[in-house]
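Have a look at the structure below before the remarks.
Residue numbers (our numbering), protein chains in the order written: chain L, 1045 to 1488; chain V, 1190 to 1404.
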C-alpha cells in the first residue's frame, strides 16, 4: 500500500471517529436537553394542577363518603383542567379511572416520560396525589409531536452538515497529504532515474522542511556520485589510452625482432645481412629493455615514499657533473652546472629528473645545456629546437611524443618528471619557443 | 620481378621487410615517410604493391591511400593500431588488406601473394636460367622446355616464392597436396628429387626442417 493511501486512511479513520463522537455527543446532548425541557414543563403543569386540586379539595367538608369525595374530586378536576386541544388530563384512583379524555389507558406509578404512540409524540407526567382519605393519580399528557419533529429535523440537518463538513475535511486532508508527499515522489523518481543511469538528474524541491533538506542531501549525493563516476571514467579512459600506447610501443620492436629472428633461422643470409639482422635484434631488444625499465620506474613511483633529506646544492651539482659531463662530451654539448644554497628532497629522484631533462635536451639537438640548482627550483635550459606551442600542454602525458618522426624515446621522461615533482609537492613548468630552446623548471 | 614499395618510418622494420622481400623474390624499395613516398609516386614510379605503415611522419598512410588508388597500386596497411575503427577506415578507404603488428612474415607474404594474384598476376618467374611461365604452366631450363607433372609444378612455385627460406615437409604437403592428403611426407621427398633432376635448381635439404631453394 502506498504511503499516501496509508496516511490518508489512517488519518481519516481517526478523524472520522473523533468527529462522529463529538457530533454524536453534541446531538445527544441537545436531544436530551429538549426532552428534559418538555418533561419539565409537563411536570410543572401537572404540579400546578395538583396543587390547585389539593387546595380546592381541602376546602370541602371532610365528612363526605368516599364515593362523594371521589365525585367531588372528579368535579373539581374537570373544572380545573383547561380545555386545550393538545392536552389531556387523567385522574384515577386505584384501578378506577375517574377521568381520561386521552384515548389510551395510562400507566401507573409516578414520573414523567416522552412516548410515541401511532406516529405521534406525547409528554406524560404522572404523580400520586393525596386527596382526603384517598390517593389519586394525576396525569397530564401533552402532544409534543411538533417540537420533537422539529428537533429531529434539526438533528438530521446538523448530521448532514457534519457529514458534508467531514467530506470537505477529508478532501482537504487528501490535498494536504498530496502536497506534502510530492517531494517524496520526486525523490523516488530521482532515485530511479539515477539508478537507470541518468546521473545528471537533480531534484527541485524548495520546501523548507525535512523533505527539502533530504532532497538537498539527495542532490549533493547525486553530484558526488556523478563526480566520482566521471573521475572513474576518466581514469579508465586514460588507462585504455595508456594501454593502447603501450601496446604500440611494444609491437614495433617485437615485429622487428620476430622478423629478423625468422630470417636468421629459416633463410640463407650473407655475412653482411646476418650482421645487420643481429644488430637490429640487439637494438630492438635493448629498446624493449629500456621501455621496461622506464615503465617500472613510473609504476614504482606511483607507490613511492619520499626519502626527503637536506642536500647541499654544490655537492649535488658536482655529482651530477660527474655523471653527465662524459655524456655531454660524447655528443659535443657544452654542459654548465651552477649551484647555490641547500635544498630538501629525495636525491635519487631529483637526479632522475635532471637526467631525463638532460636527455630530452640532447634529443632536441641542443648545443648548450645549462643546469641550475637553487633551494626552490631545479632548472634545465637548452638551445635545442623547442617544443611547438600546440604540443606543450600534452608533453607530460604518458607516451606522448611531440616529434612523431623520431623513435628514440618513449614519451615517458616528462611524465616521470611530473610524478616526481608531484611527490615533492612541487610543479613542473615548461617554457619553450620553437627554434630557440626550452626551459624546464622543477619548483619545489 | 614484381616491385614492392615499402613505406615505413621505423628503420628496423623497414630493413627487415626489404630483407624478406628480397628473400621471397620480390624487388623491394622503400620510403621513410609519407612525404618521400608522395614525391616518388609523383615522379612517376610504378609498383605492383605497396606495404604502408599508417602512422607516418609528414603524411600518414590514410593520406597516402588516394595517391596509390589513383595509380592503381594495391595497398596493404601495416600498423600497430589494432582497433576496429582504424581497420575499418583503412579497408573502406580502399586498402586491399590490413595487417596489425606484430605480424609473422610468412603470413604477410601469403597475403601479399593473394593480393598480387588478384591485381597483377605475374606472367613469368625467373630463377637463374629457369623460366616459369605461370599462364602456360610450363618450365624451361636454358630455353629447353621441361616436362613437369602438375604437383611438381605447384611445388616448384612454392619454392620460388619462398627463395632462401626453409620450408617444412608438412607445410609443403599442405600447400601442394592439401590437408586432406593421406600420403606421408615421403611423397614430398620423391617430388623434390624429381624437381632437382628436371630443373637443376639448388634445393637443399635442411636437417630437421625440410627443404630450401638457394639462389
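Just so you know, even glycine gets a beta-carbon here, dropped at the ideal spot from N, CA and C.
Taking C-alpha positions only, residue 1396(V) is separated from residue 1193(V) by approximately 32 Å.
With a cut-off of 8 Å on Cβ pairs, the region 1241-1259 of chain V is in contact with the region 1279-1290 of chain V, counting three or more such pairs. Of all residues in the region 1208-1242 of chain V, only 1208, 1209, 1212, 1222 place a beta-carbon less than 8 Å from a beta-carbon of chain L. For residue 1377(V), the enclosing alpha helix (DSSP H) begins and ends at 1375-1388. Listed along chain V, no residue sits closer than 8 Å to residue 1455(L) by beta-carbon distance, the nearest being about 13 Å off. Pairing residue 1367(L) with residue 1202(V), the inter-Cα distance amounts to about 34 Å.
Assigned with DSSP and collapsed to three states, residue 1482(L) falls in strand. The distance from the Cβ of residue 1212(V) to that of residue 1353(V) is about 5 Å, consistent with a contact at the 8 Å cut-off. In this structure, residue 1245(V) places its C-beta atom within 9 Å of the C-beta atom of residue 1253(V). Across the structure, residue 1250(V) and residue 1245(L) are spaced so that their CA atoms are roughly 44 Å apart.
Assignment of alpha helix (DSSP H) within the region 1320-1361 of chain V, counting only whole runs of 4 or more residues, yields 1339-1350, 1358-1361 in chain order. Taken through DSSP and simplified to helix, strand or coil, residue 1312(L) comes out as coil.
Residue nearest to residue 1300(V) within the set 1380(V), 1385(V), 1263(V), 1356(V) is 1263(V) (criterion: CA-CA distance). Residue 1290(V) reaches chain L at 1295, 1296, 1299, counting residues in chain order whose Cβ is nearer than 7 Å. With contacts defined as CB atoms closer than 9 Å, residue 1187(L) and residue 1165(L) qualify as a contacting pair. Residue 1368(V) and residue 1398(V) have their C-alpha atoms spaced approximately 19 Å apart. Collapsing the DSSP output to three states places residue 1271(V) in coil. Taking CB atoms only, residue 1306(L) has a neighbour in chain V less than 9 Å away. DSSP places residue 1240(V) inside the beta strand (DSSP E), whose first and last residues are 1238-1242. Leaving aside the five residues that flank residue 1154(L) on each side, the residues in its chain whose CB is nearer than 7 Å to its CB run, in chain order, 1170, 1171, 1172. The beta carbon of residue 1313(L) sits closer than 9 Å to some beta carbon of chain V. With respect to chain V, the C-beta atom of residue 1303(L) has a partner C-beta closer than 9 Å. Under the DSSP assignment, residue 1159(L) falls in the beta strand (DSSP E) whose first and last residues are 1155-1161. Residue pairing for residue 1324(L): DSSP places it in no beta bridge.
Excluding the 5 residues flanking it on each side, residue 1205(V) has no same chain C-beta neighbour closer than 7 Å.
Among the CB atoms of chain L, one or more fall inside 9 Å of the CB of residue 1401(V). Here the alpha carbon of residue 1135(L) sits roughly 9 Å from the alpha carbon of residue 1117(L). Following the DSSP letters along the chain, one finds residue 1218(V) inside the beta strand (DSSP E) bounded by residues 1216-1220. Closer than 9 Å to the CB of residue 1206(V) there is at least one CB belonging to chain L. In the DSSP assignment, residue 1354(L) falls within the unbroken beta strand (DSSP E) covering 1353-1356. Look at residue 1398(V): its C-beta is under 9 Å from a C-beta on chain L. Contact between the region 1451-1462 of chain L and the region 1398-1413 of chain L is present, with at least three C-beta pairs closer than 8 Å. Residue-level contact by beta carbon fails for residue 1385(V) and chain L, as no gap is shorter than 9 Å. Burial state of residue 1211(L) is exposed, judged by a 10 Å Cβ sphere holding fewer than 16 other Cβ atoms. Put simply, the backbone Cα of residue 1237(L) is about 8 Å away from that of residue 1243(L). Between residue 1342(V) and residue 1390(V), the C-beta gap is not smaller than 9 Å, which leaves the two residues out of contact.
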